[in-house]
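Structure record follows, encoded as structure tokens.
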Amino acid sequence: MLEQALSGARAGASFTREAWFDMVDRFNERTRLQYDVDHLKNRFRFYKREFRIVNGIKNHPGFSWDHKLQIVITDDDEWSQYVAKSPEAKLYRTRQTPFFNELEVICGSSISKGNDASSSRIPDTADKDANANLIEGDGTFNSFVETPEISNYPVATSDILARLPQDTQEAENINAPQASTFSTLRGSSRKSRRQADGALQALREFAEASRRQASMREEAQDKKLSLLDDCLEELNLMKDIDNELYVKALFIFKEEYNQHIFLKTTGVRRLMWLRAVTKDINL
């Protein structure tokens, strides 16, 4: 996304059709996954929402940005007052936002129109760094793809295996029954090592499955919140809508079905649909 944003492959507040397909092809090639355009669009909505929240906190009087920790900081009283007005900001009181500069390039023009993006200009290597970190194990971008970690736990039989050369040397100086005992011990240690490796592999697979399930749940929740944010943004841009119809529209947005229809319609048709579905709502 960063590369496409820097190359100017924009279509309004989003990307061009060709840019989306190019991003999907390159992402799947690098990760060997089978994601489609909708997956990336959902993630883009999540990035827009996160950037909007963090940028709003960051630019609020009394708040400052810790470049080292990548987190918004202020005193407890300021936080309490801000969270009371904007509950969605509570999460970012202790949560870091890595790649904020990259998010400003990707999302800033579509959310904070008129802001000077040059103040957060990033180095030429940022697109490489962002892509390298896209599938890393921490930070904002990681929530998209989970990568299994390689365990460094020692195998339970390592002490036995470490002594094998010495045992072998000693076996040459004693009788045959001891050599036979050594062979039995060696075979047993190999079996134990295979069992330990199998157990570690099973744990890795279980942990990866758990992470994927958690990621899917988070993605589903992010999608719902992002759709609602998109609806509210579009609703605020409508000029031919009175206050009563505006408030009624908020009630129908509780249904995801209505959110999809609203975003897929435009102009006069959208306004006619809004009036039709809200006619029975009494304020």
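The sequence shown begins at 1 in full-length UniProt numbering and counts up by one. Ideal Cβ placement from N, Cα and C applies to all residues, glycine included. As the structure is a prediction and not an experimental result, all values here were calculated from the model.
Taking C-beta atoms under 8 Å as the contact rule, Gln4 and Phe15 qualify, at a distance of about 5 Å. In the displayed model, Ile71 falls within a strand according to three-state DSSP. The three-state secondary structure of Ala11, taken from DSSP, is strand. Sequence-distant Cβ neighbours of Asn59 in its own chain, meaning closer than 8 Å and more than five residues away, do not exist here.
In the DSSP annotation of this structure, the continuous segment of the beta strand (DSSP E) that includes Asp66 starts and ends at 64-66.
Buried is the label assigned to Asn55, since at least 16 other Cβ atoms lie within 10 Å of its Cβ. Within a 10 Å sphere around the beta-carbon of Arg212 sit fewer than 16 other beta-carbons, which makes this residue exposed. Taking a C-beta distance under 7 Å as the contact criterion, Leu2 and Glu104 do not qualify as a contact pair. It is roughly 25 Å from the alpha-carbon of Lys85 to the alpha-carbon of Met238. Contact between Val277 and Ile252 holds, since their C-beta atoms are separated by about 6 Å, short of 8 Å. Residues Met1, Gln4, Leu40 of the same chain have their beta carbon placed closer than 7 Å to that of Met23, with the five preceding and five following residues left out of the count. DSSP places Asp38 inside the alpha helix (DSSP H), whose first and last residues are 37-58.
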